Every structure is written in C-alpha cells, then in structure tokens.
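K.L.:
The structure that follows is given in the form of structure tokens.
There are 2 protein chains.
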Amino acid sequence: MGPNDASSGVSRRSLLAAAALLPAVAGPLRPGTTPAQGVVPSSALPSWNDGPAQTAILDFVRAATDRSSPSFIVPENRIAVFDQDGTLWVEHPMYTQVMYCLERVPAVVAKRSELKSVEPFRTVLSGDREAMAKLSRGDLEKILAATLTGMTVEEFRAEARTWIEKAQHPRWKRPYTELVYQPMLEVLRYLRDSGFKTYIVTGGGQDFVRVYAERVYGVAPEQVVGTAGATKYGYGRDGRPILTKEPKLLLNDDNAGKPEGIYFMIGRRPQAAFGNSTGDREMLEWTGASGGQLKMLVLHDDAAREYAYGPARGLPDSRVGRFTPALDEEAQRRGWTVISMKNDWKRIFAFESGS
Amino acid sequence: MGPNDASSGVSRRSLLAAAALLPAVAGPLRPGTTPAQGVVPSSALPSWNDGPAQTAILDFVRAATDRSSPSFIVPENRIAVFDQDGTLWVEHPMYTQVMYCLERVPAVVAKRSELKSVEPFRTVLSGDREAMAKLSRGDLEKILAATLTGMTVEEFRAEARTWIEKAQHPRWKRPYTELVYQPMLEVLRYLRDSGFKTYIVTGGGQDFVRVYAERVYGVAPEQVVGTAGATKYGYGRDGRPILTKEPKLLLNDDNAGKPEGIYFMIGRRPQAAFGNSTGDREMLEWTGASGGQLKMLVLHDDAAREYAYGPARGLPDSRVGRFTPALDEEAQRRGWTVISMKNDWKRIFAFESGS
C-alpha cells in the first residue's frame, strides 16, 4: 500500500494550503537607495551594523562553539533554521512562487486550450494585475493545481529552473535570486563556518525552493524543508521509473507545521531560528523550548531600500508578511531579537555598493 | 491550517501500513557458528570475502571518486540509501519494532486497565507467542496505535531508548543493536569515508530508528527516512510547546513509498542502493534510473550463522523478508548484485571472532 492509494482525486487541502500564498496588493515601487553607512564591519558579518542584532548573533556563535561555555553546543546538534520569504529574500509584492504559477499559466493553457476561456485562467491571461490580486482562494487553487502538479518531478524542475533564471522582479528588474538579503547570506555562511547545518524551513514549495537553494543560499536540497505535495511512483512509456507530482498535500510547512516539519524532516531540535511573520511563531517557540538561544525576527521597516510593513505599517493590511502586533508582543515577552532592516543592515542586497 | 486539521480521529491507513510489519512464525533457534574463513581482508571491507559483491562495491567507489572516470560522481551527489530490516540488521523472527510494540503492551495496560481483558491486548499479555503470531492486521493496528501514538515525541524517544538498551533477541540473547551486520557497517563507513552521505530508507518507523541509528550505524537522525506518522504541535500544562504523536500516516516508506520518500526527504537521486526484499524493489529501480551503478540485494542464505529464507527457502512462506522469485528475476535482468551472506561475508556480527 502506498501513501497515494488512499487519495481520492484532487485534494482541496493541498491547494488551500498553497492558497496561503495569495498575493498582496503591490506597494509603491521605489528605486533602491544608497545603503546606510556603518562602522568598520565585523569580518563575519560585514553587512551588519553594530547593534543588538549583530551582537546577538556573534555572542550566540561564540558561546555555541566554546567548550568552556554553558551554552556550548555539540557539533551534531548545531541546527539552524531559516524561513525564506521575507527572511532570506523579498516577499513583496507577492511570493515568488505565486508569481511563478501565474506566469506558467500561458504555457499550461497552450497545452490545454479548453482552459483559455475559463476563469480564473482568463483573468490571468489578461495580465490585469489588479484583477489577479483579487482572485479568490478557489481560483488560486485551480492555478496552483494546473501549474504545480501533473508533471514528472524532472519536468517540474526544468520548468522552474528555466523560469527562475530569467524572471525579473517588477521593482528592481533583476532576477528574484538576486533579491536575497546579503546580511542573511552572511549569517548562513557564518553559521556553517561554525559547524552549523543550515536549513530552510519555508511555507513555500519544498521542491520549488530546492531548484535554486544550493546555488543561491548554499543550502543543499536535503536541507530544504517546505510545503510538499505527494508524488506517485510509476513507469513512463519507455518503462523508465518516474515520479509524478500529485495534487495531494503531504506537509503544510507553515505555522504549527514548521515544528512538525522539523521533527519529521530533521529529527533534531533547532538551536537557532530566523523568521519574519506569524507563520514562524511556532518554529521560534519550539526553538526556544529546545534551549535554542538565538531566535530572530526580520522587521521590514525600510520602505526606501526594500519595504515597510507589519509593525512599521508601510503597507496597509498586507496579506504577505504577517508581523502582527501579537507577534511583536510575543517577541518582546520571550526575548526574541528583532532585526531592523533599516538600522541593522548596512546593505540589503549584494548588488548595492557595499560600505 | 495545519496538516492535522483534516485528520478525523484514528486513521486506518497509518495502522494498515504498520501492519505490514506483521510478525513471521519464528524459525528454529540455532546458536551461531564459527564464521567462514576468507582470504586476506581488503582494508576497507575486512569482513567481506573476495568475490563479485565485494568487487562491485570497491569498483563503484573507485570510479565514483576518480575524476577521470566516466562514472565519477560530484561530491554533493554522493547519496547512498540502505534499507534496514534484513539489510543492516536481523529481521527474524520478527521486525524489532513489532517486538517493541508487543513488549510495550504491559506498560500501556498498566495505565489503561480497561484494555486488560480486551483483545488483542489479552493475547499479548498472555505471552503466548504462537497466538501472537496469528494476530490479525486489525489486532496489530490496535497494538501499534496504543504503543506508538498519543505520547509526546520526547516520551516516545525515552521509552524506545530504554527498551532498545535492554531488550534482547530471543536467539542470540543479545541486544538487537548488536545484531547489525558487520560487513554492512563497513560499507556504510567506507562510503562515508569516500564522501557519500549514507541514508537509511526503511519501511520501519522513522522516529524509532532515529533513536539508535547514530550510535549503531553512524547515521544521523536527519539521514533516516522511514514510515512516519504525523505529530501535532501544542502546549503542555506548563505552557511549554510539545509535539504529540498522532495516529495519522504521513509517509508509508515501503515499496513505491521508498522513491517517493527519497524525493520528499532528500531531493536528490541516489547513486547506490542496498535492500533485501520486494519492499526495496522500487528504490533499486529508481537508483538505476538515476544512473546509480551500485544496486545490491542481501540474500539470507545462511541458516547456520543467521537465517535462510526467500530464494534460499530456509524458512517456508515467510511474511518477513520478501525476496521473491519475481525479485530474483528482476535482479538478474537488471544486473543487480546479490550478496550471499553465506559466501560473501566472513562474519555476520561484530561479536563473532573475526578472521
């Protein structure tokens, strides 16, 4: 008996989960500004300004790797987990993977012409971004099912790789993979150099993120934990084994699903965790309950260089980037460190001139 | 929305899957004999006799690590996968985890006295092994649900660890963790020394195997892929986050579930695969389709030192260790290498006197 046997057609669960990726209304698109100038950079974290966030990271690593410290962590337990969207790269004006699904629609319709005049595909084909931003969850489910399932895992990987190499962010006119936060790349590298295994734990699609995570973040596919659908083993026309992506949810890796996914996929408790939204709340709680000393939240408070939303309220009622007042309160109560993009980061992106 | 929201009580799926672990009738219990004496051991595989199986492993590693070879494998793609029961350790007279569940019954009944006079718990408490071997799948489901779910992941880990440290195999009167195959430990180590990541990919319980895999096999928890149930994130009485094991199947890691689990948990294609039963067939096929040059099946043909079953037919109609004629035929057709325990292994266990 395989895990797919009990499946009965398209699961609404998988798609509802993915619908959490619903696009937000796009904010004003301002060009990037010159990065803030800081003091002499630390060698490990050159894009960080001196301040409590940088200090928290440096102190944590120092103690974790110092055998004489009570906070020493044996190497095999050095596990650090990172949310992706809004923590490692830009999540505005909409999650990159949702952009991928929308932009895949023409190719899907070209093969399945019956969809051309059917909603929500007609709206997506129209290119009307305002109408697209108003698509219902049910509409989005249909788009996700059509663009993320039904193909072999190799076909998906090839399609996603081709797209990610050429797609551009509407504001910066650069590949999405250049819109990763340089300070966070430094943290990833610094932790790995200090014997940590760095994991991405994302509400986004696990196999989507795996397409570029090694190249962009230095995170191997087996260290990407994300929302994942089932696959079905079978044989192609030539008799070769294939795995086909099914519209059935295996892991909804957001909110409580993050610690559940960490237990499932890693089987160890994380000692450091980075997030930026309510979707990361349980992951940070679990890290704290595991004795993890480093729990950090990225605050998007830099409307000039990136975006301001959540507590910074630069974008009203955003459905992406859920740094709510309740999360802010919990962060203060539990002593989680908030990273101010505006104050803590010398530069946001590698393509900005460094300090 | 969490993956547990859609669960409605006890899932029959999870338990049916686990019921595949149904015990076989115990074979005759003979004492171990003196191991076969071989030639001068290779330094990497000292417990292997010279022969096609040893040669296949040595040739594979030589080519995989030789940049001038067409079979060179870049380090990040060096993934090797191993079934556990019957491939890395003894699976007779019944899977160790099933033994665990049966032996946990008294402790469960002590807390839930209403089960004492109810089947199948009454039969298990009677200690009548013949009656236990005849338990139906439905009966076994009840035992698995009662012993593997409903507790926090820490409680489970503590219970399983305590048991595995003191439980003994009925034939050898030694801990199960000493009944690992010394030649396979050497293969695991040799592959790791050659830059491979070694994964256990087991139909057994993922979190059960993780309890001892690092100590016994040198395989980290995050490199154990197995049949896994869901957990549910919540808060204990003291407010601390807890994960509770739920009777809901997430991954049925057997047969087609093995390549599906490998895609899900690892996200790379394996280059070497070791199994011993039809449950490993799809994993070996997938490895071959991925260009993997090393596909091996352990044949239990050594009734004196271990057991003989499957093609060797030492145990009739075994429900454990499904090395069927069809698997034998496929192995020959696809060129998979069969490891004869009798001929290829100088010794089976570390506690035997070496050659």
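So the protein lines, in turn, are chains A and B. Note that the first sequence covers residues 1 to 355 in this note's numbering. Note that the second sequence covers residues 1 to 355 in this note's numbering. Cβ atoms here follow ideal geometry from the backbone N, Cα and C, with glycine treated the same way. What you are looking at is a predicted structure, and each value in this text was computed from that prediction instead of being measured.
Can you give me the start and stop residues for the beta strand (DSSP E) that A/M265 sits inside?
P.N.:
Here A/M265 belongs to no beta strand (DSSP E); instead the alpha helix (DSSP H) covers G257 to M265.
K.L.:
Can you tell me whether B/A131 is buried or exposed, with buried defined as 16 or more other CB within 10 angstroms of its CB?
P.N.:
That one is exposed.
K.L.:
I think B/R281 touches B/E330, with their Cβ atoms under 8 Å apart; what is that distance to the nearest whole Å?
P.N.:
Contact flag correct, Cβ pair sits at about 7 Å.
K.L.:
Can you tell me the Cα-Cα spacing of B/I143 and A/R210, whole angstroms?
P.N.:
Cα-Cα distance, rounded: 39 Å.
K.L.:
Helix, strand or coil for B/K116, going by three-state DSSP, please let me know.
P.N.:
Residue state, collapsed to three classes: coil.
K.L.:
First and last residue of the beta strand (DSSP E) that includes B/P170?
P.N.:
That residue, B/P170, is in no beta strand (DSSP E); it is neither H nor E in DSSP.
K.L.:
I'd like the list of long-range same chain contacts for A/T337, defined as Cβ closer than 6 Å, with 5 residues on each side in sequence excluded.
P.N.:
Answer for A/T337: A53, A56 and M296, listed in chain order.
K.L.:
Looking at the ligand NAD, does it come within less than 8 Å of B/S136, judged from the CB to the closest heavy atom?
P.N.:
What this structure holds is no ligand at all, so the ligand NAD is not there to describe.
K.L.:
Comparing the C-beta of B/W286 with each C-beta of chain A, is any distance below 9 Å?
P.N.:
Taking Cβ atoms only, chain A reaches closer than 9 Å to B/W286, which makes this a yes.
K.L.:
Scan the region 251-274 of chain B for residues whose Cβ lies nearer than 7 Å to a Cβ of chain C and list them as they occur along the chain.
P.N.:
No chain C appears in this structure, whose protein chains are A and B.
K.L.:
How close, in whole Å, do the beta carbons of A/V90 and A/L179 come, if the pair is a contact with beta carbons under 8 Å?
P.N.:
Correct: roughly 4 Å between the Cβ atoms.
K.L.:
What separation, rounded to the nearest whole angstrom, lies between the Cα atoms of B/T177 and A/D301?
P.N.:
The alpha-carbon atoms of B/T177 and A/D301 are separated by roughly 54 Å.
K.L.:
Please confirm whether A/K232 has its beta-carbon closer than 9 Å to some beta-carbon of chain B.
P.N.:
So, interface residue.
K.L.:
Considering A/Y199, what are the terminal residues of the alpha helix (DSSP H) in which it resides?
P.N.:
From DSSP, A/Y199 is part of no alpha helix (DSSP H) but of the beta strand (DSSP E) over K197 to G205.
K.L.:
Quick check on B/S340: does DSSP put it in helix, strand or coil?
P.N.:
Note: B/S340 maps to strand in three-state DSSP.
K.L.:
Just to confirm before moving on: does the CB-CB distance between B/L45 and A/W286 stay below 9 Å?
P.N.:
No, the Cβ-Cβ distance between B/L45 and A/W286 is not below 9 Å.
K.L.:
I need the boundaries of the beta strand (DSSP E) containing A/E246, first residue and last residue.
P.N.:
Note, A/E246: beta strand (DSSP E), P241 to L251.
K.L.:
Helix, strand or coil: how does DSSP classify A/Y176 here?
P.N.:
Of the three classes helix, strand and coil, the one that applies to A/Y176 here is helix, per DSSP.
K.L.:
What is the C-beta distance between A/K245 and A/L148, in whole angstroms, given that I count them as a contact (C-beta under 8 Å)?
P.N.:
Right, their Cβ atoms sit about 7 Å apart.
K.L.:
Let me know the secondary structure DSSP gives B/D85 once reduced to three states.
P.N.:
The answer is strand: DSSP assigns B/D85 an E or B state.
K.L.:
For A/A308, which beta-bridge partners are listed by DSSP?
P.N.:
In the DSSP output, where bridge partners are listed per residue, A/A308 has A/D301.
K.L.:
If you measure beta-carbon to beta-carbon, which residues of the region 205-222 of chain B are closer than 8 Å to chain A?
P.N.:
Answer set for the region 205-222 of chain B: Q206, D207, R210, E214, A220, P221 and E222.
K.L.:
Identify each residue in the region 237-248 of chain B for which the Cβ-Cβ distance to at least one residue of chain A is less than 7 Å, and report them in chain order.
P.N.:
Flagged, chain order: R240, P241 and L243.
K.L.:
Can the beta-carbon of B/I200 be found closer than 9 Å to that of B/Q84?
P.N.:
Result yes, Cβ atoms of B/I200 and B/Q84 sit closer than 9 Å.
K.L.:
Hey, does B/K111 have any beta-carbon neighbour from chain A nearer than 9 Å?
P.N.:
Answer no: the Cβ-Cβ gap between B/K111 and chain A never drops below 9 Å.
K.L.:
Listed from N- to C-terminal order along the chain, which residues in the region 131-156 of chain A have their beta-carbon within a distance smaller than 8 Å of any beta-carbon of chain B?
P.N.:
Cβ contacts with chain B come from V153.
K.L.:
Using a cut-off of 9 Å between C-beta atoms, extract the partners of A/V224 located in chain B.
P.N.:
In chain order: G267.
K.L.:
DSSP on A/I79, reduced to helix/strand/coil?
P.N.:
Three-state result, A/I79: strand.
K.L.:
Under the DSSP definition of a beta bridge, which residues are partnered with B/L294?
P.N.:
Note: B/L294 sits in a beta bridge opposite B/A272.
K.L.:
So A/T96 is in the alpha helix (DSSP H); what residue range does that whole segment cover?
P.N.:
Taken as a continuous stretch (DSSP letters only), the alpha helix (DSSP H) holding A/T96 covers T96 to K111.
K.L.:
Taking Cβ-Cβ distances shorter than 7 Å, what residues in chain A pair up with B/E159?
P.N.:
Those within 7 Å of B/E159 in chain A number zero; the least Cβ separation is about 16 Å.
K.L.:
By the criterion of Cβ-Cβ separation under 9 Å, what are the contact partners of B/A289 in chain A?
P.N.:
Under the 9 Å cutoff, chain A gives R240, P241 and I242.
K.L.:
Measure the C-alpha to C-alpha separation of A/S277 and B/P120 and round it to an integer number of angstroms.
P.N.:
Approximately 48 Å between the Cα atoms of the pair.
K.L.:
What is the DSSP secondary structure of A/T324, counted as helix, strand or coil?
P.N.:
In this structure, A/T324 counts as coil in the three-state DSSP scheme.
K.L.:
Can you give me the Cβ contacts of B/D66 inside the same chain, cut-off strictly under 7 Å, excluding the 5 residues immediately before and after it?
P.N.:
These residues qualify, in order along the chain: F72.
K.L.:
Just how far apart, CA to CA, sit B/C101 and A/A350?
P.N.:
In a straight line, the C-alpha of B/C101 is about 54 Å away from that of A/A350.
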